[in-house]
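> Protein sequences appear in the order of chains X and F. First residue of the first sequence? That's -10 in the working numbering, and the numbers climb one at a time after it. First residue of the second sequence? That's 1113 in the working numbering, and the numbers climb one at a time after it. Beta carbons: idealized from backbone N, C-alpha and C, even for Gly. I have a structure I would like to understand better, so I am pasting it below and will then ask my questions one at a time.
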Amino acid sequence: MPGKLKVKIVAGRHLPVMDRASDLTDAFVEVKFGNTTFKTDVYPKSLNPQWNSEWFKFEVDDEELQDEPLQITVLDHDTYSANDAIGKVYIDIDPLLYSEAATVISGWFPIYDTIHGIRGEINVVVKVDLFNDLNRFRQSSCGVKFFCTTSIPKCYRAVVIHGFVEELVVNEDPEYQWIDRIRTPRASNEARQRLISLMSGELQRKIGLKVLEMRGNAVVGYLQCFDLEGESGLVVRAIGTACTLDKLSNTSAFLPACNSPSKEMKESPLVHAPSHGCRSTHNSPIHTATGSRLTQNFSVSVPTLIYTGMGSGSAGKEGGPFKTLLRQQTQSALEQREFPFFTLTTFPPGFLLHVGGVVSARSVKLLDRIHNPAFVGIMGNTRSYKLLDWNSFNSDEPETRDAWWAEIRQEIKSHAKALGCHAVVGYSESTSICEEVCILSASGTAAVLNPRFLQDGTMEGCLEQRLSWQPGFFSIGSEKGEVDFFPQSQDSSSLLGIEEASPPGCGFCHIPYDELNMPFPAHLTYCYNCRKQKVPDVLFTTIDLPVEAIVVGKGCLIQARLCRLKKKAQAEANATSISNLLPFMEYEVHTQLMNKLKLRGMNALFGLRIQITVGENMLMGLASATGVYLAALPTPGGIQIAGKTPNDGTYEQHISHMQKKINDTIAKNKELYEINPPELPEEIIGSPIPEPRQRSRLLRSQSESSDEVTELDLSHGKKDAFVLEIDDTDAMEDVHSLLTDVPPPSGFYSCNTEIMPGINNWTPEIQMFTAVRVSRLSNINPTNQTLNKNFNDLCENLLKSLYFKLRSMVPCCLCHVNFTVALPEDELVQIAVTAVAITYDKNQALQANKAPTEKSQQRASTDNEEQLQFPLELSSDPLSSQPFSPAKEALEGASSHTGIPAAQRATSVDYSSFADRCNSWIELIKLKAQTIRRGSIKTTTSLEKASPLAEGYLRHRSVPSGTNSTVSVVKMTPLSFLPGAKITKYLGIINMFFIRETTSLREEGGVSGFLHAFIAEVFAMVRAHVAALGGNAVVSYIMKQCVFMENPNKNQAQCLINVSGDAVIFVRESELEVLPAPPPAAAAQPAGSAGDVTT
Amino acid sequence: MSSDLDVFVGNTTLIDEEVYRLWLDGHSVAEAVARRLRGGVLEREGTSVAVLQSDTRDHYRTFQMLERLLHAPPRLLQQLLFQIPPERQALLVQRYYAFDEALARELLGKKLSKGTKKELDEFDNFKRVFKAVEELRGPLAENIQQLFLLPPALARDYAAIVFFANSRFETGKRRLQFLSFGDFAACAQSMMAHWSQGALGTPKTPKKPQKPQSMMAHWSQGALAPEAAEPDGDLPKSFLQDLKELKVLVSDKDLLDQHKSLVCSALRGKISVYNELEANFKALSRALVNVGGKLTHARDVRDFFVDLVEKVIEPCRSDKWSPGDLRLFLTHYTAAPRNLPGFRHQALWERYMAAISACLLRMYHD
């Protein structure tokens, strides 16, 4: 019996009136875990019952603890008829299963009913006693930490990054069982909620087991998704990156180690070269697999962009052999893995050596019905719905889905290989389902990684080195940290033991494979930063901008939007037509992205996410990315318009008018995004530049060549890729869509990455939001053009609306803008956006721009004056002002908690010898207080400049007994950090799934009223769970699914929402300053030194 | 391409003060959009009418969802659905319960328990507050402040409204038209301050039963008023009963004469209307004492302000008393009985006169 779950039901409040006669409720609570149920007494005639129950104890094994949610049902007692359910609370107890997360769940939870929404609140306390389990063959994986965050979580360090873990489980969807015809919508919804909760638990446990097998202790970048396959079932699948994480000690947790990446974007208008066009290759083999008839297998794989290049042959003279060695090492490290994929989007410096380009693969599948008669029979009782072990009789199902994904992953792997890369980073998977057709997509960024991060035990020496070095990485978030640890790129690389030194600011841009042996023609130049290696002219990636990247100006959100009509068809015919459309769509999306990038005068895309959505009669493509100007890459060329019918006066005029408009837009954008790299004379660039001819061509990928049946030539003949012929309606459309994108109003910037390139002075004010729109495409005879225009307008108007809504936050930036498109019905398009608006200090931004920028090698030490100012002041000031000889020790003590990375400093300061020399204990305290204060004041001033303190304050946690508790504030953000704050603890993963249904749609304010309330309820439930864990924020929050269905004629609607994130405790940096000195001296702290504010 | 569904939900609920005001003023979405357009938001923000409509609808939906909570402001503080910073919550409540004084003046003294003026939100607020505190003991204004989280001044105004509604004072007569809502509110506060149970500081055994559960059900947590006595909205019966004892001041001819001479001698040469005072003293004193004596009968309570105006204020005004004269007179008139032999109700008298004086002085204007 390895665990005991203890639950106490304290009280309820604001319950609904269940007895119309008395306007009161006789409430009691059922507490259910697994198959055990306890009940509280009935608390008669009250809307605010005080149950104060005993501790209900469940003795269960830890496998059950991981899988099962705790289910709390509030009911109204009725003597004469069946008790009425008021609502339920599902509590995921997983965070209680590992020691570093939460120890107790305690607080007010909204009581949720799938028909009525939130109906009052209940105060619950949950604890778990885990016993040591000696069984080696256990099926549980308690203790493995899960993080949604796609980077190494703050306040942890990565000892080893093991790699890809994935798992999926399949079950029949309760909504589609025969029983659903006779049970109430509520029962059906609850069955579904509970099933998904259980499946998530099991999935997480299974992934955990895989992590343990790999000798890891955590999953980072954990992404779990549901595929609602309708009649054919319900798939819950998850991917993540297994890691071995080490918690940074408490002392360092208060250090910049946990700092928010606020000053990472470097600006360095370094070099400028004559503009070139850009070459893009498009590789799209279509291969029809000869699978079984039932699982007709269409696979469209498109490594959308391949930008590579490696100067080892011509440029990397002495680097060449080493590089080969390095690659071999990496290879061997990675070849042990089936899939060398990483769901991370941000990496420890030195981890990512080179980036090849985006690789993606899609596959169209036909869903099969799950045949399982035995299943349905046992599901008879709706009330005590029992979940079955689907594996026992559904065993082939997960395998089928597994095979589908394995196939796609294999393709991704081979695409990466074709790019000379051994790994794929920023990897993600998604599906789009319409009826029985399912598009499976995977994408990532091909990359070459440093093997030393990947190996476990084999290179202890390196590991040691990295361990000592790692804190430096974590402090990179803070400007101060960089001063100490990255004075020069050479240092960091020598630390890593890499002879071939690629400057961190541009190294990742250098092409990862041999220039002389490129799989396709590409356009390479010498790196505009280091001038030693070759770089492509444009770089597309799915990862976040590396912190060390040197960027010119600011970034911006770039979207490509596309609709394509498709004939309504059945089964295989449908799948075939979709497969045929996909490569065209990929290609057009790519062209649009490229054009828009050029229109903004930028040369790289980060965070690229291409979503293809399938509907009954159309396909939609939406690509979002953040454009930036990388100093290492050449300046992009312009866009040239050409007509096909010259000698036509008015036509020529039209063309030249368009051309002028485009040129004006480019100029305007360069000004807007402050893209003004200094001009550099040609000769500095050095070596001959390859002929700047541009071609755009579809190539089949090497790996697939054997299966190849067709090769599509989608290139624009012999014309340059970025010459737009406007005779062509498509090109007309392109030009049109290019020019309809309105830049955000002044004071606004937007991006879909974690941080906005070029802005680094965030203030703590944030506003996370979700906006959803459903529009009807009213055209009777829609064409691709009108659809495109409609879709484009829809997106643009939505963005406009967001800017207007958030106008009071100006100057601000919308970060992590995440669009999801769905086609719920024939003519309906649904767009959901989740993002966070963060204010920044405009004056500071201007100053930063004016500050002299220097060469990349020195940028770390000179980038921002403040960075240097503070440490320098500290080192001179106390020394001069303190007559005591051991002042240096005190200084170290002070500095180690006021912002100077302490990795090299003694984290514990021995005051004993110092104390001997002091006249009294009091004097010591005074002295220390003084030192601390001095340090603090300076930090405060420097911080105030950087981030004027906003409202941010921490409310103390509500006391569980909860009579007059006020609601504690819980921040939510899709980012992995909170500006101006330090995350001190990760409390566990939040993964929630809700269904809401109504049969009185009009009465609830129509579709908008219904969904507005539901989204607000979901937020409320997430916040309540976080608060109950003792947290005050959710980071890496994501709304993974929002499935909305309506039937206005029946006055009905239903919506499913799935959200996840990491519950954390954060402390404001401004509050940290008043925190006491490091722990060793804690006893000596004068009173008033607030400890952990949040507990 | 029309948007069927269009929502925006922030983790922190966005509150637009301008739209809130438009909503409170009862404008439809279309009207609100038109007004915002006239306000020039389009030019300032360079946005479109569609965006403005979408924004207005979002806010209206939020307000409609919030309204339920605004009916019981403590719930607004405890609810989990909307994350609203405290200062914004306060603003929402304050604006929601703000009222038009002209309307409040009209409604003063009218029955609030059953209303016909359903269309008026403000009237609903009065009714809601009235119902909530009707049965509660302790200082009215404090109860209202606790239950509705209103700023003190606003809570006092509501207390006055409840007080008037309870006692059903007549305020609509033509001769009372010169009195504003503020005048009546001030009078109500003085009367509650001096006459209510709490003012005595010696609470008697509560006569009312415990707050019924149904009442408390609406407010999550208890511990409202301290262990006081009856609601301050009702004047304590025993006190009103005792007031009859004061009649001796006018019914006993000796006492009346002595009272007059004491007051007159104290005021001789100090007020400009000495002769008029001397001539009218008995009439004035009778009026002042009898107003209190009548308060036990609900029918007569109605005439409290009418009597004060008709029998005290109007005669004084016609004799051209200055407010200073009145003040001086009332001070000495109240103090004098202390020196009357055989008058044993000085404490009661002073308590009674404190409120009467305050009311008269407030009401003594054109």
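Closer than 9 Å, Cβ to any Cβ of chain X: which residues of the segment 1251 to 1267 of chain F, in chain order?
Against chain X - using a Cβ distance shorter than 9 Å - the segment 1251 to 1267 of chain F contributes no residues.
> DSSP three-state label for X:M1148, please.
The displayed coordinates of chain X run from -10 to 1084. Any statement about residue 1148 of chain X would go beyond what the structure contains.
> Are X:N160 and X:V225 touching if we call contact CB-CB under 9 Å?
Against a cut-off of 9 Å, the Cβ pair of X:V225 and X:N160 comes out as a contact.
> Since X:Y416 and X:F331 should fall inside the 8 Å C-beta cutoff, what is the C-beta to C-beta distance between them, to a whole number of angstroms?
Sure, about 6 Å apart at Cβ, within 8 Å.
> Comparing the C-beta of F:E1282 with each C-beta of chain X, is any distance below 9 Å?
Cβ-Cβ to chain X under 9 Å: no for F:E1282.
> On a Cα-Cα basis, can you pick out the residue from X:P84, X:Y101, X:E164 that is closest to X:K134?
Residue X:P84 is the option with its Cα nearest to X:K134.
> Output yes if chain F places a C-beta closer than 9 Å to the C-beta of X:V948; else output no.
The predicted position of X:V948 is uncertain, since its pLDDT is 34 and thus under 50; no value can be drawn from it.
> Going straight from the alpha carbon of X:V(-4) to that of X:I979, what length do you get?
Whole-angstrom Cα-Cα distance: 20 Å.
> Let me check understanding here. Comparing Cα to Cα, which of X:K659, X:E743, X:A620, X:Y640 lies closest to X:G627?
Ranking the options by Cα distance to X:G627, first place goes to X:K659.
> Any Cβ of chain F within less than 9 Å of the Cβ of X:L817?
Chain F contact via Cβ: present.
> Hey, could you find the ends of the alpha helix (DSSP H) X:F47 is sitting in?
Counting along the chain, X:F47 falls outside any alpha helix (DSSP H), though it belongs to the beta strand (DSSP E) covering 45 to 49.
> Please classify F:H1457: does DSSP put it in a helix, a strand, or coil?
Three-state result, F:H1457: coil.
> Three Cβ pairs or more, each shorter than 8 Å: is that satisfied between the segment 1410 to 1422 of chain F and the segment 1369 to 1381 of chain F?
No: the two stretches stay apart, fewer than three of their Cβ pairs being nearer than 8 Å.
> How many angstroms separate the CA atom of X:V1023 from the CA atom of X:S140?
X:V1023 and X:S140: Cα-Cα distance of roughly 15 Å.
> What are the boundary residues of the alpha helix (DSSP H) that F:R1133 is part of?
Its alpha helix (DSSP H) spans residues 1129 to 1136.
> Can you confirm whether F:G1221, when its beta carbon is compared against all beta carbons of chain C, has any partner nearer than 9 Å?
Judged by its chain identifiers, the structure shown contains no chain C, and its protein chains are X and F.
> Does the distance from the CB of X:L586 to the CB of X:V524 come in under 9 Å?
Cβ atoms of X:L586 and X:V524: not closer than 9 Å.
> I need the boundaries of the alpha helix (DSSP H) containing F:L1189, first residue and last residue.
Counting along the chain, the alpha helix (DSSP H) containing F:L1189 begins and ends at 1185 to 1190.
> Flag this pair as yes or no: are the beta carbons of X:L964 and X:I744 separated by less than 9 Å?
Yes, Cβ-Cβ distance for X:L964 and X:I744 is below 9 Å.
> For a cutoff of 9 Å on Cβ pairs, would you count X:L791 as touching chain F?
For X:L791, the answer is yes, since a Cβ of chain F falls inside 9 Å of its Cβ.
> X:N1047 by DSSP, collapsed to three states: which one?
It is a strand residue.
> When the Cα of X:E33 is compared with those of X:V18, X:R175, X:I644, which residue comes out closest?
A small fix is needed here, since residue 33 of chain X is Pro in this sequence, not Glu. Among X:V18, X:R175, X:I644, the Cα nearest to that of X:P33 belongs to X:V18.
> Over what stretch of residues does the beta strand (DSSP E) that includes X:V982 continue unbroken?
According to the sequence provided, residue 982 of chain X is Phe. The question's Val does not apply to it. Where X:F982 is concerned, the enclosing beta strand (DSSP E) stretches over 970 to 987.
> Roughly how many whole angstroms lie between the Cα atoms of F:D1053 and F:F1281?
Limits of chain F in this structure are 1113 at one end and 1478 at the other, which puts residue 1053 of chain F out of reach.
> My understanding is that X:D815 touches X:E605, with C-beta atoms under 8 Å, so please give their C-beta distance in whole angstroms.
Rounded, the Cβ-Cβ distance is 5 Å, consistent with contact.
> Thinking C-alpha only, which one of F:A1410, F:D1366, F:C1299 is nearest F:S1453?
It should be pointed out that residue 1453 of chain F corresponds to Pro in this sequence rather than to Ser. Nearest C-alpha to F:P1453: F:D1366.
> Just checking: is the beta-carbon of F:R1173 within a distance shorter than 9 Å of some beta-carbon in chain X?
F:R1173 counts as touching chain X.
> Who are the near neighbours of X:A91 in its chain, counting only those whose CB is closer than 7 Å to its CB and skipping five residues on each side?
The residues are P84, L85, L976, G977, L1018, G1019.
> Going by alpha carbons, who is nearest to X:Q193 out of X:R172, X:I228, X:D391?
That would be X:I228, whose Cα lies nearest to the Cα of X:Q193.
> Note the first and the last residue of the continuous alpha helix (DSSP H) segment covering F:P1435.
Counting along the chain, the alpha helix (DSSP H) containing F:P1435 begins and ends at 1435 to 1447.
> Which residues mark the beginning and the end of the alpha helix (DSSP H) in which F:I1256 is found?
Run containing F:I1256: 1252 to 1260, per the alpha helix (DSSP H) assignment.
> Output the boundary residues of the beta strand (DSSP E) element that contains X:Y515.
First-last of the beta strand (DSSP E) with X:Y515: 513 to 515.
> Quickly, what does DSSP pair X:W751 with across the bridge? List them, please.
Answer is X:Y829.
> Using C-beta distances below 6 Å, list every residue in its chain close to F:A1378, excluding the 5 sequence neighbours before and after it, in chain order.
Closer than 6 Å at the Cβ level, and outside the excluded window around F:A1378, lie H1444.
> At 3 residues or longer, and completely inside the segment 8 to 60 of chain X: list those beta strand (DSSP E) runs for me, N to C.
The segment 8 to 60 of chain X contains these whole beta strand (DSSP E) runs: 16 to 22, 25 to 28, 45 to 49.
> State the Cα-Cα distance for the pair X:E43 and X:T29, rounded to the nearest angstrom.
Using only the alpha carbons, I get a separation of about 8 Å.
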